[in-house]
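**Q** With the working numbering, the residue at position 4 of the sequence shown is 120, and numbering never jumps. In this text, a Cβ means the ideal position worked out from N, Cα and C, and glycines have one as well. Here the structure is a predicted model, which is why all the values come from computation and not from measurement.
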Amino acid sequence: MVSVQGIFEGLKAYRTEDGRILLFRPEENALRMKIGAD
């Protein structure tokens, strides 16, 4: 069983000065999550 914490551990988000939320490398994180779930 894959732990949820281990899957989402690498996804990082940052809030900009104007309030927007930016994700750091979301495509790479999604690929890693897909590989980890197989």
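Since Lys128 sits in a beta bridge, which residues does DSSP pair it with?
**A** The partner list for Lys128 (beta bridge, DSSP) reads Phe140.
**Q** State the Cα-Cα distance for the pair Arg131 and Leu138, rounded to the nearest angstrom.
**A** When rounded, the distance between both Cα atoms is 6 Å.
**Q** So what's Gly152 in DSSP terms, helix, strand or just coil?
**A** DSSP places Gly152 in helix when its eight states are reduced to three.
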